[in-house]
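*Asks:*
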Amino acid sequence: MTTSHLGRLAMAAIIAAMILVPVIQASEESLNLVSLILIWALFAIGFDLIFGMAGMLSFGHAALFGSGGYALTLLVTKAGVGFLPALGAAGIVGAIMAFGLSIFALRVSGLFFSLLTLALAQLVYILASTKLRNYTGGLDGIPGVPRPELFGIDFYNNRNFYYFLIVVFIVGLAVMALLRASPFGKALKAVQANDVRAAQIGYNVQRLRQCGFMVSGFYAGVSGALLASLMFYISPQMLHWTTSGDVLIMTVLGGKGTLLGPILGVAVFEVLKEKLSQYTQHWYGILGLIFILCTIFLPNGLAGLFARKAAGRPGDAP
Amino acid sequence: MSTIVIGLSLSFLLFLLAAGLTLIFGMLGVINFAHGALYMLGAYVCFQIVNWTGSFWIGLLLAPIVVAALGAAMEMSALKPVYERDHIYQLLLTFGFILVIEEAVKIVWGLDYKQVPTPDLFSQPVALFGSQIPSYRLFIIGFGATVSLALFLLLERSRLGMVIRAASSDADMAQTLGIDVAKVRTAVFALGAGLAALGGVVAAPLVPIELGMGFSVIIDCFVVVIIGGLGNIRGAILAALLLGMARAAGFTYAPEWVELITFVLLIATLLTRPAGFFSRKGRAA
Numbered sequence: 001m002t003t004s005h006l007g008r009l010a011m012a013a014i015i016a017a018m019i020l021v022p023v024i025q026a027s028e029e030s031l032n033l034v035s036l037i038l039i040w041a042l043f044a045i046g047f048d049l050i051f052g053m054a055g056m057l058s059f060g061h062a063a064l065f066g067s068g069g070y071a072l073t074l075l076v077t078k079a080g081v082g083f084l085p086a087l088g089a090a091g092i093v094g095a096i097m098a099f100g101l102s103i104f105a106l107r108v109s110g111l112f113f114s115l116l117t118l119a120l121a122q123l124v125y126i127l128a129s130t131k132l133r134n135y136t137g138g139l140d141g142i143p144g145v146p147r148p149e150l151f152g153i154d155f156y157n158n159r160n161f162y163y164f165l166i167v168v169f170i171v172g173l174a175v176m177a178l179l180r181a182s183p184f185g186k187a188l189k190a191v192q193a194n195d196v197r198a199a200q201i202g203y204n205v206q207r208l209r210q211c212g213f214m215v216s217g218f219y220a221g222v223s224g225a226l227l228a229s230l231m232f233y234i235s236p237q238m239l240h241w242t243t244s245g246d247v248l249i250m251t252v253l254g255g256k257g258t259l260l261g262p263i264l265g266v267a268v269f270e271v272l273k274e275k276l277s278q279y280t281q282h283w284y285g286i287l288g289l290i291f292i293l294c295t296i297f298l299p300n301g302l303a304g305l306f307a308r309k310a311a312g313r314p315g316d317a318p
Numbered sequence: 001m002s003t004i005v006i007g008l009s010l011s012f013l014l015f016l017l018a019a020g021l022t023l024i025f026g027m028l029g030v031i032n033f034a035h036g037a038l039y040m041l042g043a044y045v046c047f048q049i050v051n052w053t054g055s056f057w058i059g060l061l062l063a064p065i066v067v068a069a070l071g072a073a074m075e076m077s078a079l080k081p082v083y084e085r086d087h088i089y090q091l092l093l094t095f096g097f098i099l100v101i102e103e104a105v106k107i108v109w110g111l112d113y114k115q116v117p118t119p120d121l122f123s124q125p126v127a128l129f130g131s132q133i134p135s136y137r138l139f140i141i142g143f144g145a146t147v148s149l150a151l152f153l154l155l156e157r158s159r160l161g162m163v164i165r166a167a168s169s170d171a172d173m174a175q176t177l178g179i180d181v182a183k184v185r186t187a188v189f190a191l192g193a194g195l196a197a198l199g200g201v202v203a204a205p206l207v208p209i210e211l212g213m214g215f216s217v218i219i220d221c222f223v224v225v226i227i228g229g230l231g232n233i234r235g236a237i238l239a240a241l242l243l244g245m246a247r248a249a250g251f252t253y254a255p256e257w258v259e260l261i262t263f264v265l266l267i268a269t270l271l272t273r274p275a276g277f278f279s280r281k282g283r284a285a
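Protein chains in written order, with UniProt numbering: chain A, 1 to 318; chain B, 1 to 285.
#1: I want to verify the contact list: residues of chain A whose CB lies under 9 Å from the CB of Arg85(B), in sequence order.
#2: List, in chain order, every chain B residue whose beta-carbon is nearer than 7 Å to that of Phe104(A).
#3: Take Met56(A) as the anchor and find which of Val168(A), Tyr156(A) and Asn194(A) has the nearest alpha-carbon.
#4: On a CA-only basis, which of Ser102(A), Val124(A) and Trp283(A) is nearest Ile50(A)? Give me that one, please.
#5: Which runs of the beta strand (DSSP E) fall wholly inside the stretch 137-161 of chain A and span at least 3 residues, in chain order?
#6: Three or more C-beta pairs under 8 Å: does that hold for the stretch 37-51 of chain B against the stretch 131-150 of chain B?
#7: Taking all protein chains shown into account, decide if Val271(A) is buried (16 or more other Cβ within 10 angstroms of its Cβ) or exposed.
#8: Exposed or buried, what is Arg313(A) when buried is set at 16 or more other beta-carbons lying within 10 Å of its beta-carbon?
#9: Contact criterion: CB-CB distance below 9 Å. Does Tyr113(B) meet it with respect to chain A?
#10: Which residues in chain A have a C-beta closer than 7 Å to the C-beta of Asp233(B)? List them in chain order.
#11: DSSP state of Ala127(B), grouped into three classes?
#12: Under a Cβ-count criterion, where at least 16 other Cβ atoms within 10 Å of its own Cβ denotes burial, should Ala317(A) be classed as buried or exposed?
#13: Candidates Ala37(B), Gly235(B), Ile4(B) and Asp112(B): which alpha carbon is nearest Leu128(B)'s?
#14: In chain order, what residues of the same chain lie with their CB nearer than 6 Å to the CB of Ala284(B), ignoring the 5 residues before and after it?
#15: Out of Leu230(A), Gly88(A), Ala12(A) and Leu36(A), point me to the one whose CA is closest to Glu274(A)'s CA.
#16: In whole angstroms, what is the alpha-carbon distance linking Arg185(B) and Met27(B)?
#17: Listed in chain order, which residues of the stretch 117-148 of chain B have Cβ atoms closer than 8 Å to some Cβ of chain A?
#18: Given that Gly60(A) touches chain B, what residues does it touch there, using C-beta distances under 7 Å?
#19: I'd like the span of the alpha helix (DSSP H) that includes Val188(B), first residue to last.
#20: Does chain A have any CB closer than 9 Å to the CB of Gly192(B)?
#21: Among Phe99(A), Pro148(A), Met176(A) and Gly254(A), which residue has its Cα nearest to the Cα of Asn300(A)?
#22: Return the Cβ separation of Leu106(A) and Gln210(A) in integer angstroms, given the expectation that the two are a contact with Cβ distance under 8 Å.
#23: DSSP on Asp219(A), reduced to helix/strand/coil?
#24: Using 10 angstroms around the beta-carbon of Ala197(B), count the other beta-carbons present and answer buried if the total reaches 16, otherwise exposed.
#25: Look at the Cβ atom of Gly20(B), then the Cβ atom of Gly192(B), and state whether they are nearer than 9 Å.
#26: Taking the alpha-carbon positions, what's the Met1(A) to Phe65(A) distance?
#27: So what does Tyr39(B) bridge to, in DSSP terms?
#28: Any beta carbon from chain B within less than 9 Å of Arg107(A)'s own beta carbon?
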């Protein structure tokens, strides 16, 4: 299970490219595109911590993502909290939501876990778009989500905000790399490989799943808050099941179970979306088709393709 | 009285759908995420047939066959290669089909919603125990009960049902005994898809036919399957009754909260009997 050199090189190249792109090419669209990629990549690596590492297919991550977004929005606009503390709080709200979902969802396992996370997330969506209308603005959402003001730098300038995103992303990536290599990450792997045996050698399987889910929720909350801030807008669409579907598609496209995979998947998804939507309004169906083909023929995603070439072992992801 | 009739018709509709889902899961081990999309497709195909022929009954007959054929094609092209892999891949695949089916519907029928008129035979309300009951609701109850009974007889009493059960409990052994397991799997998936479409056709005169219609339905189906206990047809009947009646009561007495009733039942089940109310065993898979 060592990360292949090719994988690391690719990772470094991607990060370098992301930093350099706005320096070299200053068009607003490309800046917006890489900003989106950074935010969704943060979401996707958090998602993959439980999907790829622990084998738990959550269909409820939209609820964590969206509640992070709402937490930041409400804290900054209604409670007057500073941007950075609110961003941290958004992560914590994501983790708390994950804890809440897991109380119910972890009572079942496997496919039923997926169905339950989906149903519960839909409950959150319904609540936010109807019952909590007074706080969430209902289906219309809340416009005017603010951006940070730090050290006198104007983050309403897209390039400055992009650098802020880069910093958050690299911190998130580094923490995730450490987590995955830590005993905690290895224990999650063990749970995926065989949860009965993992329990027998003394792991508290449910506790591990729950912790993983909460860390994943933290990432989802932070990235949701950043997305709302990038777009200056939040609506229940962020809580909708299609959002959970999107992060799933991205992760599978890129390759689940790897650190590089989800990032690659997000980049491919966003670029494909950008290009396809220029030619056809039915790009989502084409993405669905690509997703189906990828599931059948490339079970380890694009990153799996890299690893196969690097290690010469078929089907073994880095 | 009308609450009871509405509740029963809702229950039978839910059961029709949940039965297809449970059937596919019980026999193939696949959770068909696209079940709701197939339900939606059934309604749209019915709309098209009614548009061409002017007869709801031809739609009722043909739309499920069309969708079942599509289901067979889905199974042979995409699911067959991944049976040996982890369950997650089958979930992913059927999820992919949702996206493709929704887009196809968007291309063919556009975004505005469609309607199928109630068939003439059942367009007039009937008086029952002193209240006016929409007769189409009564038709759903009768039709749903007939189909459920036929399905039960097919699976439990017929030779074909025996073959299906043999192929699902031990595929290798069935293969050795001369059963073409691959064909049986295709047939079962097609049958499940057909049942989903049948649900869509039956619901078509009652609801606006639109893109999102499959999704709320699939959540209700999942909830029925979870409350009823996995792969448990009797449990699914009881859970569908419970959910249908609860929703009908909700429409009458607490319309503000009707959307949340499903979730309340779901959460109550999970807190008390995580394996489902009507299941004696723990849950696998």
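A virtual CB, placed ideally from N, CA and C, is assigned to each residue, including glycine.
*Replies:* Judging by the given coordinates:
#1: Numbered from its first residue, the second sequence carries residue 85(B) at position 85. The contacting residues are Pro299.
#2: Stepping through the first sequence from its first residue, residue 104(A) is reached at position 104. Ordered by position in chain B, the residues that pass the 7 Å Cβ test against Phe104(A) are Ile267 and Leu270.
#3: Within the first sequence, the letter at position 56 stands for residue 56(A). Selected option, being the one with the closest Cα: Asn194(A).
#4: Here residue 50(A) refers to the residue found at position 50 of the first sequence. Distances from the alpha-carbon of Ile50(A) to those of Ser102(A), Val124(A) and Trp283(A) put Ser102(A) closest.
#5: Segments of the beta strand (DSSP E) lying fully in the stretch 137-161 of chain A: there are none.
#6: In the pairwise beta carbon analysis, the stretch 37-51 of chain B is classified as not touching the stretch 131-150 of chain B: fewer than three pairs are separated by under 8 Å.
#7: The residue labelled residue 271(A) in the question sits at position 271 within the first sequence. By the 10 Å Cβ count, Val271(A) comes out exposed.
#8: For the purposes of this step, residue 313(A) is taken as the residue at position 313 of the first sequence. Caution is warranted here: a pLDDT of 46 is assigned to Arg313(A), below 50, making its placement in the model unreliable, and no coordinate value can be reported.
#9: Indexing the second sequence from 1 puts residue 113(B) at position 113. By this cut-off, Tyr113(B) is not an interface position.
#10: As a first step, residue 233(B) is located in the second sequence; it is residue number 233 there, counting from the start. Note that residue 233(B) is Ile in the sequence shown, not Asp. Here the premise fails: no neighbours, minimum Cβ distance about 18 Å.
#11: For the purposes of this step, residue 127(B) is taken as residue 127 along the second sequence, with counting starting at 1. In the structure shown, Ala127(B) sits in a strand (DSSP, three-state: E or B).
#12: Indexing the first sequence from 1 puts residue 317(A) at position 317. Unreliable placement is indicated for Ala317(A), whose pLDDT of 43 sits below 50; the coordinate value is still reported in the next sentence. Classified as buried, Ala317(A) has 16 or more neighbouring CB atoms from the shown chains inside 10 Å of its CB.
#13: Here residue 128(B) is taken as the residue at index 128 of the second sequence, counted from 1. If we check each option's Cα against that of Leu128(B), Ile4(B) comes out closest.
#14: Taking the second sequence and counting its residues from 1, one reaches residue 284(B) at position 284. No answer about Ala284(B) holds up, because its pLDDT of 40 lies below 50 and its placement is not dependable.
#15: Working through the first sequence from its first residue, we reach residue 274(A) at position 274. The candidate whose alpha carbon is nearest that of Glu274(A) is Leu36(A).
#16: Mapped onto the second sequence, residue 185(B) falls at position 185. Mapped onto the second sequence, residue 27(B) falls at position 27. Going by the C-alpha atoms only, they are around 8 Å apart.
#17: Within the stretch 117-148 of chain B, no residue has a Cβ that lies closer than 8 Å to any Cβ of chain A.
#18: One-based indexing of the first sequence puts residue 60(A) at position 60. Correct list: empty, because the minimum Cβ distance to chain B is about 12 Å.
#19: On the second sequence, residue 188(B) is found 188 positions in, with the first residue counted as 1. Residues Val181 to Ala203.
#20: Position 192 of the second sequence, counting from 1, holds the residue named residue 192(B). Not one chain A Cβ lies under 9 Å of Gly192(B).
#21: The residue given as residue 300(A) occupies position 300 in the first sequence. Per the Cα distances, Gly254(A).
#22: As a working note, residue 106(A) is residue 106 in the first sequence. As a working note, residue 210(A) is residue 210 in the first sequence. Contact flag correct, Cβ pair sits at about 6 Å.
#23: As a position in the first sequence, residue 219(A) is number 219, starting the count at 1. A quick correction: the sequence has Tyr, not Asp, at residue 219(A). Here Tyr219(A) sits in helix by DSSP.
#24: On the second sequence, residue 197(B) is found 197 positions in, with the first residue counted as 1. Buried: at least 16 other Cβ atoms inside 10 Å.
#25: As a position in the second sequence, residue 20(B) is number 20, starting the count at 1. As a position in the second sequence, residue 192(B) is number 192, starting the count at 1. If you check the CB distance, Gly20(B) and Gly192(B) come in under 9 Å.
#26: Here residue 1(A) corresponds to residue number 1 of the first sequence, with the count starting at 1. Here residue 65(A) corresponds to residue number 65 of the first sequence, with the count starting at 1. Below a pLDDT of 50, predicted positions are generally treated as unreliable, and Met1(A), at 40, falls in that range; no measurement from the model is reported.
#27: Your numbering for residue 39(B) matches position 39 in the second sequence. Tyr39(B) is not bridged to any residue.
#28: In the first sequence, counting from the first residue as 1, residue 107(A) sits at position 107. It does: the Cβ of Arg107(A) has a partner Cβ on chain B nearer than 9 Å.
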